[in-house]
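A.B. asks: Right, I'll just put the structure down here and ask away after.
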Amino acid sequence: MNDVLLAFLFTLFAGLATGVGSLLAFFAKTTNTKFLSFSLGLSAGVMIYVSMVEIFFKAKDSLTVALGPDEGYWLTVVSFFAGMLLIGLIDKFIPKSSNPHEVKKVEDMEKPRGHIKDPDLMKMGVFTAIALAIHNFPEGIATFISTLQDPSIGFAIAIAVAIHNIPEGIAVSVPIYYATGNKKKAFKLSFLSGLAEPIGAVVAFLILMPFLTDTMFGIIFAMVAGIMVFISIDELIPAAKKYDETHLSIYGVMTGMAIMALSLLLLN
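By the UniProt record's numbering, the letter at position 248 of the sequence shown is numbered 248, and the numbering carries on one by one without gaps.
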């Protein structure tokens, strides 16, 4: 039961980071682009390393025990790419203007002169919040299931997800505040969109856990690896490169991988 509670706490921590992004948007004067670029790169490095080196092979071990070496390995690979396809389809059906991974700066929070309420901007902000919630749902399942299997992996994923949720919180807050001039409303919608992660954990606990055989666990874990790699390559690295200076984002990726590698070595 302690493992389940820890898994919920890690998932809640990752989800609430959208609220942190929203607060930063209100109180920071400018975006620290160097820090943002490095941090997003670091988050991608952590996700890619832990997915390809640890999660994928834990899934493979589980499936080969349940189904045998050949069938187990094949199902691991299929599940890995199924995870990529799932998150890719979610991205496909989200309009670009409402995509929470379209990075916005803190400077965009400046209140326009005369401040006229703009229903189109408000609509964009609400859609961004919904899009973020849809994105966060499978990430919540990933963090929860990973923590149950190995708390050290779950913690690493929670940190990586939290880092990339901070600019997503800004992405929700900017258009809503710009449209309404209401900081509370912007923060509230940003905060609520992040709660999709713990909701994903609740769904995993209530629906998936009763069926969590070696086979089911292996399939889910391999899909988690695919989701994490897709998010890193499609979203985090391009966002980091947008504000890149002298390969800072790539240094972030390598640092994230090195931190994850060292953590796994020390914990093993």
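Quick reminder that beta carbons are idealized off the backbone N, C-alpha and C, glycines included.
For ALA261 and SER249, I'd like the C-alpha separation in whole angstroms.
C.D. replies: Distance between the alpha carbons of ALA261 and SER249: 18 Å.
A.B. asks: Judging by CA-CA distance, which residue of VAL172, ILE141 and ILE90 is the nearest neighbour of residue 322?
C.D. replies: The structure shown has nothing for residue 322, since the chain only spans 1 to 268.
A.B. asks: What residue does the alpha helix (DSSP H) around ILE207 start on, and which one ends it?
C.D. replies: Here ILE207 belongs to no alpha helix (DSSP H), and DSSP marks it neither H nor E.
A.B. asks: In angstroms, rounded to a whole number, what distance separates the CA positions of MET209 and THR180?
C.D. replies: Distance between the alpha carbons of MET209 and THR180: 42 Å.
A.B. asks: If you draw a straight line from the alpha carbon of ILE170 to that of ILE130, how long is it in whole angstroms?
C.D. replies: Those two C-alpha atoms are separated by around 14 Å.
A.B. asks: Cα separation between ALA59 and TYR73?
C.D. replies: Cα to Cα, ALA59 sits roughly 9 Å from TYR73.
A.B. asks: Who are the Cβ neighbours of LEU67 in its own chain at under 7 Å, not counting the five residues just before and after it?
C.D. replies: Correct list, in chain order: LEU75 and THR215.
A.B. asks: Indicate the three-state DSSP secondary structure (helix, strand or coil) for ASP234 in the structure shown.
C.D. replies: ASP234 falls in the helix class under three-state DSSP.
A.B. asks: Have a look at ILE199, MET122 and PHE35 and flag the residue whose alpha-carbon is nearest the alpha-carbon of GLY140.
C.D. replies: Nearest option by C-alpha distance: ILE199.
A.B. asks: Does the region 43-52 come into contact with the region 226-240, if we say contact requires no fewer than three beta-carbon pairs (one atom in each stretch) closer than 8 Å?
C.D. replies: Contact between the region 43-52 and the region 226-240 is present, because at least three Cβ pairs lie under 8 Å.
A.B. asks: Determine the direct distance from the alpha carbon of PHE211 to that of ILE163, and round the result to whole angstroms.
C.D. replies: About 31 Å.
A.B. asks: What separation, rounded to the nearest whole angstrom, lies between the Cα atoms of VAL65 and LEU86?
C.D. replies: Their backbone Cα atoms lie some 26 Å apart in a straight line.
A.B. asks: At 4 residues or longer, what runs of the alpha helix (DSSP H) sit wholly inside the region 124-189?
C.D. replies: Qualifying alpha helix (DSSP H) stretches, in chain order: 151-180.
A.B. asks: Give the secondary structure of TYR33 by DSSP, where H, G and I count as helix, E and B as strand, and everything else as coil.
C.D. replies: Note that residue 33 corresponds to Thr in the displayed sequence, not to Tyr. Note: THR33 maps to helix in three-state DSSP.
A.B. asks: With the cut-off set at 9 Å, would you say ALA160 and ALA44 are in Cβ contact?
C.D. replies: In contact: ALA160 and ALA44 (Cβ atoms closer than 9 Å).
A.B. asks: DSSP three-state call for ASP91: helix, strand or coil?
C.D. replies: The answer is helix: DSSP assigns ASP91 an H, G or I state.
A.B. asks: Report the rounded CA-to-CA distance for ALA133 versus ASP70, giving the unit in angstroms.
C.D. replies: Computed Cα separation, rounded: 37 Å.
A.B. asks: Using three-state DSSP, classify THR76 as helix, strand or coil.
C.D. replies: Helix, per DSSP.
A.B. asks: With 16 as the cutoff for other CB atoms within 10 Å, does PHE38 come out buried or exposed?
C.D. replies: Its Cβ being crowded by 16 or more others within 10 Å, PHE38 is buried.
A.B. asks: Compute the distance between the beta-carbons of PHE80 and GLY226, then report whether it is under 9 Å.
C.D. replies: Their beta carbons are under 9 Å apart, which means PHE80 touches GLY226 by this criterion.
A.B. asks: Where does GLY256 sit, in a helix, a strand or coil, going by DSSP?
C.D. replies: Of the three classes helix, strand and coil, the one that applies to GLY256 here is helix, per DSSP.
A.B. asks: On a CA-only basis, which of ILE166, PHE191, SER263 and LEU266 is nearest LEU40? Give me that one, please.
C.D. replies: Of the candidates ILE166, PHE191, SER263 and LEU266, the one whose C-alpha sits nearest the C-alpha of LEU40 is ILE166.
A.B. asks: Could you have a look at LEU195 and say whether DSSP puts it in helix, strand or coil?
C.D. replies: Reduced to three states, the DSSP call for LEU195 is coil.
A.B. asks: Taking DSSP as the reference, what is the three-state secondary structure of GLY19?
C.D. replies: GLY19 falls in the helix class under three-state DSSP.
A.B. asks: Look at the alpha carbon of ALA156 and the alpha carbon of THR147, and state the distance between them as a whole number of angstroms.
C.D. replies: So the alpha carbons of these two residues sit roughly 9 Å apart.
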